[in-house]
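Enquirer:
There are 2 protein chains.
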Amino acid sequence: MTVTHPHGFTAAGVAAGLKSSGGKDLALVVNEGPTFDSATVFTANRCKANPVLWSQEVVKDGTVKAVVLNSGGANCYTGPDGFQTTHAVAEKVAEGLGIGAIDVVVCSTGLIGLANDRDDLLAGVEAATSALSADGGAHAAEAIMTTDSVSKNTVVEGAGWSIGGMAKGAGMLAPQLATMLVVLTTDAVVPAADLDAALRAATRVSFDRLDSDGCMSTNDTVTVMASGASGITPTPEDFTAALTQACTDLAMQLLKDAEGADHEIAITTVHAATEEEAVEVSRSVARSNLFKAAVFGNDPNWGRVLASIGTTQAQFDPADLDVAMNGVWVCRQSTPAEDPAGVDLTGREVSVTIDLKSGDARATVWTNDLTHAYVHENSAYSS
Amino acid sequence: MTVTHPHGFTAAGVAAGLKSSGGKDLALVVNEGPTFDSATVFTANRCKANPVLWSQEVVKDGTVKAVVLNSGGANCYTGPDGFQTTHAVAEKVAEGLGIGAIDVVVCSTGLIGLANDRDDLLAGVEAATSALSADGGAHAAEAIMTTDSVSKNTVVEGAGWSIGGMAKGAGMLAPQLATMLVVLTTDAVVPAADLDAALRAATRVSFDRLDSDGCMSTNDTVTVMASGASGITPTPEDFTAALTQACTDLAMQLLKDAEGADHEIAITTVHAATEEEAVEVSRSVARSNLFKAAVFGNDPNWGRVLASIGTTQAQFDPADLDVAMNGVWVCRQSTPAEDPAGVDLTGREVSVTIDLKSGDARATVWTNDLTHAYVHENSAYSS
Numbered sequence: 009m010t011v012t013h014p015h016g017f018t019a020a021g022v023a024a025g026l027k028s029s030g031g032k033d034l035a036l037v038v039n040e041g042p043t044f045d046s047a048t049v050f051t052a053n054r055c056k057a058n059p060v061l062w063s064q065e066v067v068k069d070g071t072v073k074a075v076v077l078n079s080g081g082a083n084c085y086t087g088p089d090g091f092q093t094t095h096a097v098a099e100k101v102a103e104g105l106g107i108g109a110i111d112v113v114v115c116s117t118g119l120i121g122l123a124n125d126r127d128d129l130l131a132g133v134e135a136a137t138s139a140l141s142a143d144g145g146a147h148a149a150e151a152i153m154t155t156d157s158v159s160k161n162t163v164v165e166g167a168g169w170s171i172g173g174m175a176k177g178a179g180m181l182a183p184q185l186a187t188m189l190v191v192l193t194t195d196a197v198v199p200a201a202d203l204d205a206a207l208r209a210a211t212r213v214s215f216d217r218l219d220s221d222g223c224m225s226t227n228d229t230v231t232v233m234a235s236g237a238s239g240i241t242p243t244p245e246d247f248t249a250a251l252t253q254a255c256t257d258l259a260m261q262l263l264k265d266a267e268g269a270d271h272e273i274a275i276t277t278v279h280a281a282t283e284e285e286a287v288e289v290s291r292s293v294a295r296s297n298l299f300k301a302a303v304f305g306n307d308p309n310w311g312r313v314l315a316s317i318g319t320t321q322a323q324f325d326p327a328d329l330d331v332a333m334n335g336v337w338v339c340r341q342s343t344p345a346e347d348p349a350g351v352d353l354t355g356r357e358v359s360v361t362i363d364l365k366s367g368d369a370r371a372t373v374w375t376n377d378l379t380h381a382y383v384h385e386n387s388a389y390s391s
Numbered sequence: 009m010t011v012t013h014p015h016g017f018t019a020a021g022v023a024a025g026l027k028s029s030g031g032k033d034l035a036l037v038v039n040e041g042p043t044f045d046s047a048t049v050f051t052a053n054r055c056k057a058n059p060v061l062w063s064q065e066v067v068k069d070g071t072v073k074a075v076v077l078n079s080g081g082a083n084c085y086t087g088p089d090g091f092q093t094t095h096a097v098a099e100k101v102a103e104g105l106g107i108g109a110i111d112v113v114v115c116s117t118g119l120i121g122l123a124n125d126r127d128d129l130l131a132g133v134e135a136a137t138s139a140l141s142a143d144g145g146a147h148a149a150e151a152i153m154t155t156d157s158v159s160k161n162t163v164v165e166g167a168g169w170s171i172g173g174m175a176k177g178a179g180m181l182a183p184q185l186a187t188m189l190v191v192l193t194t195d196a197v198v199p200a201a202d203l204d205a206a207l208r209a210a211t212r213v214s215f216d217r218l219d220s221d222g223c224m225s226t227n228d229t230v231t232v233m234a235s236g237a238s239g240i241t242p243t244p245e246d247f248t249a250a251l252t253q254a255c256t257d258l259a260m261q262l263l264k265d266a267e268g269a270d271h272e273i274a275i276t277t278v279h280a281a282t283e284e285e286a287v288e289v290s291r292s293v294a295r296s297n298l299f300k301a302a303v304f305g306n307d308p309n310w311g312r313v314l315a316s317i318g319t320t321q322a323q324f325d326p327a328d329l330d331v332a333m334n335g336v337w338v339c340r341q342s343t344p345a346e347d348p349a350g351v352d353l354t355g356r357e358v359s360v361t362i363d364l365k366s367g368d369a370r371a372t373v374w375t376n377d378l379t380h381a382y383v384h385e386n387s388a389y390s391s
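For the record, the sequence lines run as chains A and B.
According to this note's numbering, the first sequence holds residues 9 to 391 in order.
According to this note's numbering, the second sequence holds residues 9 to 391 in order.
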C-alpha cells in the first residue's frame, strides 16, 4: 500500500553510497501516464535549497513526470556547483526515461552547506532507473528515510481510483531532520489546477498544522502526480477529501515517529472567531518550550497554556478561558476548576482543548513534547 | 550598591513563610520623597496576574510611593479571592507607611493558579515595614530571588544623582521562572512623563531583547521611582542613557545567571533596513530550538541560523547573507566561507553576527542555549 498502488506509476529505492550507513538513500517515482498533471507545495522558508530552486521552475507548467529524492545532503547553500549538481541529477533521470529534465522534480535532505557527491548521485540515478517497478513503492519509501524508525506510506481508495503516498521527516526530532518530503500519486484524472487547489487545501490542515519544534526547513517539498490511468474523473470535493485524508494519515505517522519524543500532543482551539485565530492560539501553545517540557514531565501545567494564549492577538476575554487536558477541564473562566490530579499524562497521546468563547471556528495543531532526547539528538550531532 | 544607594529610599527583605525553604520571600522598597514620580512597564501578555491588574491601576497617575514583591505564588488566575489578596497586601503596606493603597505597586512570582496564603503575606508585610532601612537594598534583592543563584543589583552614577536597581528572573531557565521583576530607584528629579519615556526607551533595548526561551510571563513588572532627593534635574538624554545602562547591566546579569544554561548567546543583526527588522531576524534565531541545541553541543551550525532568518519578513537577498560565529565568517554570500572548525564554542559567551546588506540598522537579542538542564528544570518540577 504505497505510491505504486495507484495505476500508472513505477518506483525504486537504491543505495547510492550517500549515507554513511550504506542504506538505501536515493528514491525515484515515475508517472507513466496517460496524463502528467501535478501540483507541488514548497517550504515557505525564504532561504531555499538548490533542489527547491530547481523544482520550483519544473512545476510551473503543472507537468511532472518523475520525482527523484536523495538523502546524505540537503544541497542547500553549497556554493556555485550546488545548483549544477541538482540539474545534473534531473538530466540523468530524464536521459534514462526519455523525458525532459524540465519535467523532473528533485528533492534532497541532509545538512545545509554539505554538497552531495555528484558521481555517487548520478550512479545512483542509473541504478534506480534500472530498478523501476510497479512494486517499487516500498523501496522508495525506505530510501527516503533518514532517522525515521519506520517508513511512512498511505493509500486512500476512491470509487475506481486511488491515492498513494510516502513521507519522511517533520515531526521527527532527530539529526538530518526538520525536512519533510512527501510524494503522492493518484490514478484519478485531475487537471493540474484542480490538483493544486486540492493539495493546498489538504496540506493546510495536515502538514501545515504539524509543529514539532517550530523550525521550518529549507527543503520541504510535497508533490502530487496524477496518471489518469483509471480513466475516472472524481469531483473536486471527493478528490480533495481523499487527498486530505491521505495527507493527514501521513502527518500523523510523522508525528508518531518523532524520534526523541515521549508524547504526541494535539492542541485544539474551539469557539474561535476565525479559523486563523484558532490556528494562531493552538500554534502558540505548540511552540511553548515551557508547556512542552511540562508534558514531558507528565505535569498538567495549564498555567503555561494560558501564558501562551496571552501572547496571541486572537479574540478572547483573558478572564474567561476554559482549558481541558485529556478531557479534564482544569480551568474554567480562567480559574482553577477540576482537579489536575485527575489528568493522566503517562500515555503517549495528550490532548489540550482551549475554549475561546468567541465564535464557531476551530483548529488543531499537533506537536511533541520537549525531551532530553531532543536536546541530545540536536546537539550531539551536526545536522 | 543597591536600590537604596540613591538618596530618599528605604527597603527591606524578610521571610514571610511563603517559600518552603524558609528563605527571604517578601521585599519592600519605599520612596521617601520629596517627589514620587514613577513609571512602570508590564508584561505584554494579555493573560495578566492579579498583582499586574492591580498595579496597572496604581501607576496610571504617575505616582508610586512603594513597591512590595513576594514569591511563593504568582497569584494569577487564582479565583475571586486572588485579586482581593493583592488589594489586602497593598492596604497593609499603606497602613504601615501612612500612605494610600493606590500608591502601592504589588508584584508576585510563582506558580500560576496557586494562591498565596493571605495571613502569611500580611504578617510578612508588617515585618518588612518594621525592618525598613536605608541599607535594606541588599536584603530586598535577596528576598525577590527564587532560583537565582545570586541577587542582581546595579548602580549607575550621574552628576550628583544616581540610579539603583534590582532584578530577578527572565533569563533564568528554572522553576518558578520566566517572571521578571525589576525595581529601579533614582534621586534625580524626573517628572513622570519623562520617566515613562526613559523607561520605555531603556527596556526596549535591554529586557525586551532578552529572549531565553521565547516564553512571556503573566507577571513581568519593571518599576522606576524618582525621589528627587538630590535636587538635580538631569537632561532627559542624560537620564535615559543612565537608565539604559542600568537596565542593560541588570539584563546581562539575568542572562548570565540563567540556571541550566551553558552559554550566553548574543545575536546581532547588522545592515538591516530598519531596527525592527534587525530585531525580528535576531529574535528568530534566538527562538530556534535547533540553533540553541547546536550551541549546547558546541556545534557552529550556521545552516540552522539561515533556516531561521528565512522565516522572517525582513529585507534581504536569500542568496547574499553573511554569518559569523565568534568572529569567524563561516558563511559569505550564502555560501560556505571560513572553516567552521575555527569556531571555538567551548567558552560561555557566543556571538552570532548576521549581515543582511539591506540598510544601516542593527540590533542585538540575547538568549541562552537549549540544554538538558533546561528540560529537567521545566519538566521535573511544577512551576
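Beta carbons: idealized from backbone N, C-alpha and C, even for Gly.
Do we get a CB-CB distance below 8 Å when we pair SER63 (chain B) with the residues of chain A?
Expert: no
Enquirer: Taking 8 Å as the threshold, find out whether the stretch 66-86 of chain A comes into contact with the stretch 156-169 of chain A through three or more Cβ pairs.
Expert: no
Enquirer: For chain B, is any of its Cβ atoms less than 8 Å away from the one on SER290 (chain A)?
Expert: no
Enquirer: Measuring only the C-alpha atoms, how far is ALA23 (chain B) from ASP33 (chain B)?
Expert: If I take the Cα positions, the gap works out to 5 Å.
Enquirer: I'd like to know whether the C-beta of LEU353 (chain A) is nearer than 8 Å to at least one C-beta of chain B.
Expert: no
Enquirer: Have a look at TYR85 (chain A) and ASN58 (chain A) and give me their C-alpha separation to the nearest angstrom.
Expert: In this structure, the CA atom of TYR85 (chain A) is about 7 Å from the CA atom of ASN58 (chain A).
Enquirer: Taking the alpha-carbon positions, what's the PRO244 (chain B) to PHE44 (chain B) distance?
Expert: 17 Å
Enquirer: So, helix, strand or coil for ALA52 (chain A), using DSSP?
Expert: coil
Enquirer: Leaving aside the five residues before and after LEU140 (chain A) along the sequence, list all residues of the same chain whose C-beta is less than 8 Å from its C-beta, in chain order.
Expert: THR18, ALA19, ALA20, LEU36, VAL38
Enquirer: Say the cut is 7 Å; is the CB of SER141 (chain A) nearer than that to a heavy atom of the ligand SAH?
Expert: For the structure depicted, the ligand SAH is absent and the ligand set is empty, with no information on it obtainable.
Enquirer: Name the DSSP beta bridge partners of ARG340 (chain B), please?
Expert: DSSP lists B:THR343 as partners of ARG340 (chain B).
Enquirer: Please report whether the beta-carbon of ASN53 (chain A) lies at a distance below 8 Å from any beta-carbon of chain B.
Expert: Taking 8 Å as the CB threshold, ASN53 (chain A) lines the interface with chain B.
Enquirer: Among all the DSSP beta bridges, which residues are the ones paired with LYS176 (chain A)?
Expert: According to DSSP, which records beta bridges pairwise, LYS176 (chain A) is partnered with A:LEU189.
Enquirer: Answer with buried or exposed for LEU378 (chain B), where buried requires no fewer than 16 other C-beta atoms within 10 angstroms of its C-beta.
Expert: buried
Enquirer: Would you identify the three-state DSSP class for HIS279 (chain A), choosing helix, strand or coil?
Expert: strand
Enquirer: Compare the Cα-Cα distances from ALA196 (chain A) to each of A:THR226, A:MET174, A:VAL232, A:GLY177 and report the closest residue.
Expert: The alpha carbon of ALA196 (chain A) has as its nearest neighbour, out of A:THR226, A:MET174, A:VAL232, A:GLY177, the alpha carbon of A:VAL232.
Enquirer: Only counting the same chain, and skipping five residues up and downstream in sequence, which positions put a Cβ closer than 7 Å to that of MET153 (chain A)?
Expert: SER159, LYS176
Enquirer: In three-state terms, what does DSSP make of THR93 (chain A)?
Expert: helix
Enquirer: If we count Cβ pairs, one from each stretch, closer than 8 Å, do we get three or more for the stretch 270-280 of chain B versus the stretch 368-378 of chain B?
Expert: yes
Enquirer: For LYS160 (chain B), which residues does DSSP report across the bridge?
Expert: B:ALA175
Enquirer: Ignore the nearest five residues each way along the sequence and tell me which others in HIS384 (chain A)'s own chain have a CB closer than 6 Å to its CB.
Expert: Excluding residues up to 5 positions away in sequence, nothing lies with its Cβ nearer than 6 Å to the Cβ of HIS384 (chain A) in the same chain.
Enquirer: Which residues, taken in chain order from the stretch 17-51 of chain B, show a beta carbon closer than 7 Å to some beta carbon of chain A?
Expert: From the stretch 17-51 of chain B, no residue has a Cβ closer than 7 Å to chain A.
Enquirer: Looking at the secondary structure, which residues open and close the alpha helix (DSSP H) in which MET260 (chain B) lies?
Expert: Start and end: 244-264.
Enquirer: Who are the neighbours of MET333 (chain B) on chain A, taking C-beta pairs under 7 Å?
Expert: Ordered by position in chain A, no residue passes the 7 Å Cβ test against MET333 (chain B), which lies about 13 Å from the chain.
Enquirer: Any C-beta of chain B sitting closer than 8 Å to the C-beta of TRP374 (chain A)?
Expert: It does not; no Cβ of chain B falls within 8 Å.
Enquirer: Give the residues of chain A in contact with VAL112 (chain B), contact being defined as C-beta atoms less than 7 Å apart.
Expert: Per Cβ cutoff of 7 Å: no residues; VAL112 (chain B) is ~23 Å from chain A at best.
Enquirer: What separation, rounded to the nearest whole angstrom, lies between the Cα atoms of ALA131 (chain A) and CYS339 (chain A)?
Expert: In this model, ALA131 (chain A) and CYS339 (chain A) are separated by some 60 Å (Cα to Cα).
Enquirer: Pick helix, strand or coil for GLN184 (chain B), following the three-state DSSP scheme.
Expert: Confidence at GLN184 (chain B) is low in this model, with a pLDDT of 34, below 50, so the placement of that residue is unreliable and no value is reported for it.
Enquirer: Return the chain-ordered list of same chain residues with a C-beta closer than 7 Å to the C-beta of LEU185 (chain B), the five sequence neighbours on each side being excluded.
Expert: Here the model assigns LEU185 (chain B) a pLDDT of 38, short of 50, so the residue's position is not dependable and the matter cannot be decided.
Enquirer: May I ask you to report which of helix, strand or coil DSSP gives GLU272 (chain B)?
Expert: Note: GLU272 (chain B) maps to strand in three-state DSSP.
Enquirer: Quick one: residues in its chain with C-beta nearer than 6 Å to the C-beta of ALA381 (chain B), no 5 flanking neighbours on either side, listed in chain order?
Expert: Sequence-distant Cβ neighbours of ALA381 (chain B) in its own chain, meaning closer than 6 Å and more than five residues away, are GLY268.
Enquirer: Using 8 Å as the threshold, is the C-beta distance between SER225 (chain B) and ALA315 (chain A) below it?
Expert: yes
Enquirer: Kindly indicate which residue of A:ALA201, A:PHE215, A:PHE324, A:ALA136 has the alpha-carbon position closest to the one of THR256 (chain A).
Expert: A:PHE215
Enquirer: Can you find a CB in chain B that lies within less than 8 Å of the CB of SER380 (chain A)?
Expert: First, the residue type needs correcting, since residue 380 (chain A) is His and not Ser in the sequence shown. Taking Cβ atoms only, chain B reaches closer than 8 Å to HIS380 (chain A), which makes this a yes.
Enquirer: When you compare the CB positions of SER313 (chain B) and ILE240 (chain B), do they come within less than 8 Å of one another, or not?
Expert: Reading off the sequence, residue 313 (chain B) comes out as Val, not Ser. The answer is no: Cβ separation not under 8 Å.
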